[in-house]
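This report refers to the structure that appears directly beneath it.
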Amino acid sequence: MSRVIAVVNQKGGVAKTTTVANLGVALAQAGQRCLLVDSDPQGSLAISLGQDPDSLASHTLYEAMVLADEGAHKDLKDVILHDQQGVDLIPANLELAAAEIDLNSQYAREYALSRLLAPVRDAYDFILVDCPPQLGILTINALVAADSVLVPLATNYLALRGLQLLLRTVRLVQSRLNASLRIEGLLPTLYDRRTSHHQETLQEVRRIFGEQHIRVFETVIPRSVRFEESPITGTPAVVYAPNTPGAQAYRELVQEVLINA
Ligand SMILES: Nc1ncnc2c1ncn2[C@@H]1O[C@H](COP(=O)(O)OP(=O)(O)OP(=O)(O)O)[C@@H](O)[C@H]1O
């Protein structure tokens, strides 16, 4: 049975997609069978893996998950793109933005992703879900479908501020919809070790969440221009620039995630 990890933070630009792409491909390089699910209408995960989300027409998460009761519905097998840099991918594009409205009128709307993934959970070791930068119905679906939540967290003061709201949402989902949901860990990202503000924020993160018994990964993802360049090449940094500290950091994260299994 696969481990489903939702990669969540309602704050934008904190490296959710970058983490799903690099962690997923690095897990695959370590021999794990991975399915990556893009639940963000921006479609950046598909781009990161070399796909043009606008050319995917009606073969996306939207058709499989949201149109489940309608004629335009696609089977899950029709929307999985196989072996993209060693991982399978359920892509998304802008159509998924309509899910916020469409799902709201559906029965058991919080369970749509969980239902969708159930038949393929035995086929993978890991399923990683890339969430949009908001705590709407798509993110709630990911939290309900997940065994755990991984939270990428930029190491600056403003990035820290929304975190209590996110943790409250996780507790709400735990109490009402998915009692077995746990926190995989907080992942410091976009870290510039030459910046004292980043160093201080990282120390604060370890202190505050250590006291709350919430795991902060030992791995810290450094800020590197390689991460910004790599989507242009359609490959994540672990493939595009495998010998850089950023790629090495994601491989270290794989070890931490596997130890936690
Ligand atoms: N460690 C890093 N160093 C430098 N740039 C990075 C790093 N990680 C991610 N980036 C860049 O930061 C931008 C935002 O990253 P990404 O798209 O992964 O964030 P996100 O949290 O998924 O964003 P959104 O909330 O919009 O979905 C991208 O241009 C990405 O290439």
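So for the sequence shown, our numbering puts the first residue at 409; every next one is plus one.
Glycine included, every Cβ here is placed at the ideal spot set by N, Cα and C.
Please read all numbers here as calculations on a predicted model, not as lab measurements.
Reducing DSSP to helix, strand and coil, say where G421 ends up. Residue 421 sits at position 13 when you count from the first residue of the sequence shown. Three-state result, G421: coil.
Distance, L594 Cα to A649 Cα: Here residue 649 is taken as the residue at index 241 of the sequence shown, counted from 1. Here residue 594 is taken as the residue at index 186 of the sequence shown, counted from 1. Between the C-alpha atoms of A649 and L594 there is a straight-line separation of about 24 Å.
How about P499: is its Cβ closer than 7 Å to a heavy atom in ligand 1? Here residue 499 is taken as the residue at index 91 of the sequence shown, counted from 1. Outside the cutoff, so no.
Q450 Cβ short of 7 Å to ligand 1 heavy atom set: Start at 1 with the first residue of the sequence shown, and residue 450 comes out as number 42. Look at Q450: its beta carbon is less than 7 Å from one of the heavy atoms in ligand 1.
Say the cut is 7 Å; is the CB of S556 nearer than that to a heavy atom of ligand 1? Position 148 of the sequence shown, counting from 1, holds the residue named residue 556. Because no heavy atom of ligand 1 lies under 7 Å away, the Cβ of S556 does not count as near it: no.
When the distance is taken between beta carbons, is A526 closer than 8 Å to D446? Numbered from its first residue, the sequence shown carries residue 446 at position 38. Numbered from its first residue, the sequence shown carries residue 526 at position 118. Cβ atoms of D446 and A526: not closer than 8 Å.
Can you list, in chain order, the residues of its chain whose CB lies under 8 Å from that of A657, leaving out five sequence neighbours each side? Taking the sequence shown and counting its residues from 1, one reaches residue 657 at position 249. These residues qualify, in order along the chain: T627, V628, I629, P630.
Spell out the partners DSSP gives I616 in its beta bridges. By one-based count along the sequence shown, residue 616 stands at place 208. I616 is not bridged to any residue.
What do you get for N512, buried or exposed, if any count of 16 or more other CB atoms within 10 angstroms of its CB means buried? Numbered from 1 along the sequence shown, position 104 holds the residue referred to as residue 512. Flag for N512 reads exposed.
Can you name the start and end residues of the alpha helix (DSSP H) that F635 belongs to? Here residue 635 corresponds to residue number 227 of the sequence shown, with the count starting at 1. The continuous alpha helix (DSSP H) containing F635 extends over residues 633 to 641.
So is E608 buried or exposed if we call it buried at 16+ other beta carbons inside 10 Å? Within the sequence shown, the letter at position 200 stands for residue 608. When all chains shown are included, E608 counts as exposed.
Given the structure, does I640 come close to ligand 1, in the sense that its CB is under 7 Å from one of the ligand's heavy atoms? To locate residue 640, count along the sequence shown from 1; it is residue 232. Result no, Cβ not under 7 Å from ligand 1.
Looking at P540 and ligand 1, is the gap between the Cβ and the nearest heavy atom below 7 Å? If you number the sequence shown from 1, residue 540 lands on position 132. Checking every heavy atom of ligand 1 against the Cβ of P540, one is found closer than 7 Å.
Between which two residues does the alpha helix (DSSP H) holding T468 run? Your numbering for residue 468 matches position 60 in the sequence shown. From DSSP, T468 is part of no alpha helix (DSSP H); its letter is neither H nor E.
R602 by DSSP, collapsed to three states: which one? The residue given as residue 602 occupies position 194 in the sequence shown. Of the three classes helix, strand and coil, the one that applies to R602 here is coil, per DSSP.
Alpha helix (DSSP H) runs wholly inside the segment 516 to 590, at least 4 long, in chain order: Complete alpha helix (DSSP H) runs here, min 4: 520 to 525, 545 to 553, 565 to 569, 571 to 584.
Give the straight-line distance between the Cα atoms of L504 and E471, rounded to the nearest whole angstrom. In the sequence shown, residue 504 corresponds to position 96, counting from 1. In the sequence shown, residue 471 corresponds to position 63, counting from 1. Taking the straight line from one Cα to the other gives about 9 Å.
Could you check if S447 belongs to the surroundings of ligand 1, using beta carbon to heavy atom distance under 7 Å? To locate residue 447, count along the sequence shown from 1; it is residue 39. When distances are taken from the beta-carbon of S447 to the heavy atoms of ligand 1, even the shortest one reaches 7 Å or more.
For Q492: DSSP bridge partner residues: In the sequence shown, the residue the question calls residue 492 occupies position 84. Answer is V495, bridged to Q492.
I'd like to check one pair, V412 with D555: are the Cβ atoms closer than 8 Å? Position 147 of the sequence shown, counting from 1, holds the residue named residue 555. Position 4 of the sequence shown, counting from 1, holds the residue named residue 412. Going by C-beta atoms, D555 is nearer than 8 Å to V412.
Within the present structure, is the beta-carbon of P630 separated from the nearest heavy atom of ligand 1 by less than 7 Å? Working through the sequence shown from its first residue, we reach residue 630 at position 222. For P630, the CB falls within less than 7 Å of some heavy atom of ligand 1.
Return the CA-CA distance between I545 and L489, expressed in angstroms with no decimal places. Within the sequence shown, numbered from 1, the residue matching residue 545 stands at position 137. Within the sequence shown, numbered from 1, the residue matching residue 489 stands at position 81. When the Cα atoms are used, I545 and L489 turn out to be separated by approximately 24 Å.
Counted within 10 angstroms of its Cβ, other Cβ atoms place D486 as buried (16 or more) or exposed: The residue given as residue 486 occupies position 78 in the sequence shown. Classification of D486: exposed, given that the 10 Å Cβ count is below 16.
Expressed to the nearest angstrom, what Euclidean distance is found between the alpha-carbon atoms of D530 and A436? What you label residue 530 is simply residue 122 of the sequence shown in a count that begins at 1. What you label residue 436 is simply residue 28 of the sequence shown in a count that begins at 1. As the crow flies, the alpha-carbon of D530 is around 16 Å from that of A436.
Closer than 8 Å is the cut-off here; do at least three beta carbon pairs connect the segment 550 to 570 with the segment 454 to 465? The answer is no - the segment 454 to 465 does not touch the segment 550 to 570, with fewer than three Cβ pairs under 8 Å.
So, are the CB atoms of H606 and N564 less than 8 Å apart? Here residue 606 refers to the residue found at position 198 when the sequence shown is read from its first residue. Here residue 564 refers to the residue found at position 156 when the sequence shown is read from its first residue. Using a Cβ distance threshold of 8 Å, H606 and N564 count as a contacting pair.
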